[in-house]
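**Q** Right, I'll just put the structure down here and ask away after.
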Ligand code: GLU
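Residue numbers (this note's numbering): 589 to 1084.
In structure tokens:
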């Protein structure tokens, strides 16, 4: 094996890319790039029953959106492909044969019924979790118990079979995990793992080990849920006589209410679970990446904001935590706000035109939209909220917010109309935030009332809402004609 770092992200195309999967991809990518290594995408599509057509495309799209670049994969193959397991069947057969020949694996012809009977028999005799193992294999139909002529005969007749790994009876399997340290498992608890299924497809275990070896993977970085598969992989590496890659099992992502963040839990807690959801809901990619990087890792100081390039520089495996990482949605929104505010108003404005389905915004003058963005972007968490909170910049209020209306008091109409008379006198050039504020002060001073007494009803009249961006700057942008028209309508509708 060469000294260069080669990692792989090896998703099964069974659905949309989960954010847990995206974090695994990200950690692989950060680790590889930190060491000037390669990031390989391998599609583990051997389970035909769970195959989802659009999944591969979704994986590619999600990685590209996040800024994770693939050095070798199905779309840009290197020399060690193919990169889809379904296209590598011959390779797995060759290696399964090799294991049978070396005595590390065997053919098993047992039918589903026979396997069921075996389990039943063992359960009755007090074994709660029966296995096909060193003991039971002796009374089953396999190439270890049947005479070799019969095995040949069955194979020649095209009888269905599986290939199983001959797991040693009482051994301790040990390996070092870069995150967890020393890990050991007893083979006593392991099944004689199926390596090749009766449909000729390899199982995850065989394909995964063969490919990691053939693709010269130096580090396997994957979720903790795969830790219990690792002893089987260790046995396979030993059986083949291959050097094993370094192993690193990432901590689970936990739900805020405790337990693993499952799809169901995420849904009930309002957390989007697939990367696709984040794309569709207009999250900032940089924010999700920064947030996911910190979900199980930290650079060891109190810095929190880092670009992908900085994360590459900072990322080391010894700072990945063992314990589960709690998904804090508020923190993600905090990151999102940061990365949104960092962008020039002009950029946000043109993105808004792309994402909105409201024609009237697409037609709004660029300069006007940019100014509205400037007033709104510090008040929202996500870009699409600019359109909601700032809808009054694009159309007259259709209705007045119910809660805000509680602040429309008996004297509100009188104060608002006095204000209207003040600003009617202003020319278009004078219609500026500072002057509009002075006019308000002049009314409240005359009537000897507090600021809010006029401010709130005025905001309701002009925006339809009880809160929002700076009112005077907003009125300046809306312009004299619009502001006066809205005040007249509000007085008409709300006068008591
Ligand atoms: N195909 C497995 C998955 O879907 C890969 C696990 C591994 O990285 O070994 O996550």
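All C-beta atoms, glycine included, are put in the ideal place defined by N, C-alpha and C. Please read all numbers here as calculations on a predicted model, not as lab measurements.
Pick out whichever of 824, 657 and 736 has its Cα sitting closest to the Cα of residue 684.
**A** What you label residue 684 is simply residue 96 of the chain shown in a count that begins at 1. Closest by alpha carbon: 824.
**Q** Classify residue 858: buried if its beta carbon has 16 or more other beta carbons within 10 angstroms, exposed otherwise.
**A** As a first step, residue 858 must be located in the chain shown, where it is residue number 270. The residue in question, residue 858, is exposed, as its Cβ has fewer than 16 Cβ neighbours within 10 Å.
**Q** Between the C-alpha atoms of residue 589 and residue 804, what's the straight-line distance to the nearest angstrom?
**A** As a first step, residue 589 must be located in the chain shown, where it is residue number 1. As a first step, residue 804 must be located in the chain shown, where it is residue number 216. In this predicted model, residue 589 has a pLDDT of only 44, less than 50, meaning its place in the structure is not dependable; the value taken from the coordinates is given anyway. Their Cα atoms are separated by approximately 7 Å.
**Q** Does DSSP put residue 922 in a helix, a strand or coil?
**A** Walking along the chain shown from the start, residue 922 turns up at place 334. It is helical.
**Q** Could you tell me which residues DSSP puts in a beta bridge with residue 730?
**A** Residue 730 sits at position 142 when you count from the first residue of the chain shown. The partner list for residue 730 (beta bridge, DSSP) reads 696.
**Q** Could you please give the first and the last residue of the uninterrupted alpha helix (DSSP H) stretch that includes residue 645?
**A** Walking along the chain shown from the start, residue 645 turns up at place 57. It spans 643–654 - the alpha helix (DSSP H) in which residue 645 sits, taken as one unbroken run.
**Q** In its own chain, which residues sit with a C-beta less than 7 Å from the C-beta of residue 960, not counting the 5 before and 5 after it?
**A** Here residue 960 is taken as the residue at index 372 of the chain shown, counted from 1. Cβ within range, chain order: 978, 981 and 1065.
**Q** Scan the region 739–782 and note each continuous beta strand (DSSP E) run of 3 residues or more that stays entirely inside, going in chain order.
**A** With a minimum length of 3 residues, the continuous beta strand (DSSP E) runs that stay inside the region 739–782 are 750–753, 760–765 and 769–774.
**Q** Quick check on DSSP: helix, strand or coil for residue 894?
**A** Numbered from 1 along the chain shown, position 306 holds the residue referred to as residue 894. Coil, per DSSP.
**Q** Measure the beta-carbon distance from residue 879 to residue 928 and round it to whole angstroms, keeping in mind my assumption that it falls under 8 Å.
**A** Here residue 879 refers to the residue found at position 291 when the chain shown is read from its first residue. Here residue 928 refers to the residue found at position 340 when the chain shown is read from its first residue. Actually they do not touch by this definition, with Cβ atoms about 13 Å apart.
**Q** Check whether the Cβ of residue 1062 lies closer than 7 Å to any heavy atom of the ligand GLU, and answer yes or no.
**A** Position 474 of the chain shown, counted from the first residue, corresponds to residue 1062. Outside the cutoff, so no.
**Q** So is residue 665 buried or exposed if we call it buried at 16+ other beta carbons inside 10 Å?
**A** Here residue 665 corresponds to residue number 77 of the chain shown, with the count starting at 1. Residue 665 should be labelled exposed.
**Q** If you run the structure through DSSP and keep just helix, strand and coil, what is residue 854?
**A** On the chain shown, position 266 is the one that residue 854 refers to. Looking at residue 854 - three-state DSSP - the assignment turns out to be helix.
**Q** Any idea what DSSP makes of residue 626, helix, strand or coil?
**A** By 1-based counting over the chain shown, the position of residue 626 is 38. Strand, per DSSP.
**Q** Just to confirm, does residue 866 get its C-beta within under 7 Å of one of the non-hydrogen atoms of the ligand GLU?
**A** The residue given as residue 866 occupies position 278 in the chain shown. Checking every heavy atom of the ligand GLU against the Cβ of residue 866, none is found closer than 7 Å.
**Q** If contacts are defined as beta-carbon pairs under 8 Å, then residue 1042 and residue 1003 qualify, I think. What distance do you get, rounded to the angstrom?
**A** Here the question's residue 1042 lines up with position 454 in the chain shown. Here the question's residue 1003 lines up with position 415 in the chain shown. Correct: roughly 5 Å between the Cβ atoms.
**Q** Please go through the same chain and pick out, in chain order, the residues whose beta-carbon is closer than 8 Å to the beta-carbon of residue 940, but skip the five residues on each side of it.
**A** Taking the chain shown and counting its residues from 1, the one referred to as residue 940 is at position 352. Counting only Cβ-Cβ distances below 8 Å, and skipping sequence neighbours, we find 949, 957, 961, 971, 974 and 975.
**Q** I'd like to check one pair, residue 729 with residue 696: are the Cβ atoms closer than 8 Å?
**A** The sequence position of residue 696 within the chain shown is 108, counting from 1. The sequence position of residue 729 within the chain shown is 141, counting from 1. Taking 8 Å as the Cβ cut-off, residue 696 and residue 729 qualify as a contacting pair.
**Q** First and last residue of the beta strand (DSSP E) that includes residue 1052?
**A** Within the chain shown, residue 1052 is the residue found at index 464, counting from 1. Unbroken run through residue 1052: none, as it is neither H nor E.
**Q** Just tell me which of 617, 638, 654 and 1075 has its CA closest to the CA of residue 862.
**A** For the purposes of this step, residue 862 is taken as residue 274 along the chain shown, with counting starting at 1. Closest option to residue 862, Cα to Cα, is 654.
**Q** Between 884, 791 and 847, which has its C-alpha nearest residue 837's C-alpha?
**A** What you label residue 837 is simply residue 249 of the chain shown in a count that begins at 1. Nearest option by C-alpha distance: 884.
**Q** Run through DSSP, which three-state label would residue 912 get?
**A** Residue 912 sits at position 324 when you count from the first residue of the chain shown. DSSP places residue 912 in coil when its eight states are reduced to three.
**Q** Look at residue 839 and residue 806 and say whether their C-beta atoms are less than 8 Å apart.
**A** As a working mapping, residue 839 is identified with position 251 in the chain shown. As a working mapping, residue 806 is identified with position 218 in the chain shown. Contact flag unset, no.
**Q** Hey, quick one: how far does the beta strand (DSSP E) through residue 597 stretch, first residue to last?
**A** Sequence index remark: in the chain shown, residue 597 carries index 9 (1-based). 594–597 is the extent of the beta strand (DSSP E) around residue 597.
**Q** Please classify residue 625: is it buried, with 16 or more other beta-carbons within 10 angstroms of its beta-carbon, or exposed?
**A** If you number the chain shown from 1, residue 625 lands on position 37. That one is buried.
**Q** Under the DSSP definition of a beta bridge, which residues are partnered with residue 784?
**A** Taking the first residue of the chain shown as 1, we reach residue 784 at position 196. Paired residues: 751 and 790.
**Q** Find the nearest neighbour of residue 853 within the set 915, 795 and 864, judged by alpha-carbon distance.
**A** Here residue 853 refers to the residue found at position 265 of the chain shown. Nearest option by C-alpha distance: 915.
**Q** Between residue 1076 and the rest of its own chain, which residues show a CB-CB distance below 7 Å, the 5 nearest in sequence each way excluded?
**A** Translated into the one-based positions of the chain shown, residue 1076 becomes position 488. Excluding residues within five positions, none has a Cβ falling inside 7 Å.
**Q** Just to check my reading of the structure: residue 540 and residue 643 have Cβ atoms closer than 8 Å, yes? What is that Cβ distance to the nearest angstrom?
**A** The structure shown does not extend to residue 540, since the chain spans only 589 to 1084, so no value can be given for it.
**Q** Where are the alpha helix (DSSP H) runs, 4 residues long or more, that stay fully inside the region 673–719, in chain order?
**A** List check, alpha helix (DSSP H) in window: 677–689 and 700–712.
**Q** Among residues of its own chain, excluding the 5 on either side of residue 747, which ones have a beta-carbon nearer than 7 Å to its beta-carbon?
**A** Start at 1 with the first residue of the chain shown, and residue 747 comes out as number 159. Answer for residue 747: 697, listed in chain order.
**Q** Using a Cβ-Cβ cut-off of 8 Å (strictly less than) and excluding sequence neighbours within five positions of residue 795, which residues of its own chain qualify?
**A** Taking the first residue of the chain shown as position 1, residue 795 is located at position 207. The answer, listed in chain order, is 632, 634, 673, 676 and 680.
**Q** Looking at the strands, I want to know which residues DSSP matches up with residue 848.
**A** As a working mapping, residue 848 is identified with position 260 in the chain shown. Per DSSP, 842.
**Q** Under three-state DSSP, which class holds residue 835?
**A** As a first step, residue 835 is located in the chain shown; it is residue number 247 there, counting from the start. In the structure shown, residue 835 sits in a strand (DSSP, three-state: E or B).
**Q** Starting from the C-beta of residue 1025, find all residues in its chain whose C-beta is less than 6 Å away, skip the five residues before and the five after it, and write them out in chain order.
**A** Numbered from 1 along the chain shown, position 437 holds the residue referred to as residue 1025. 1060.
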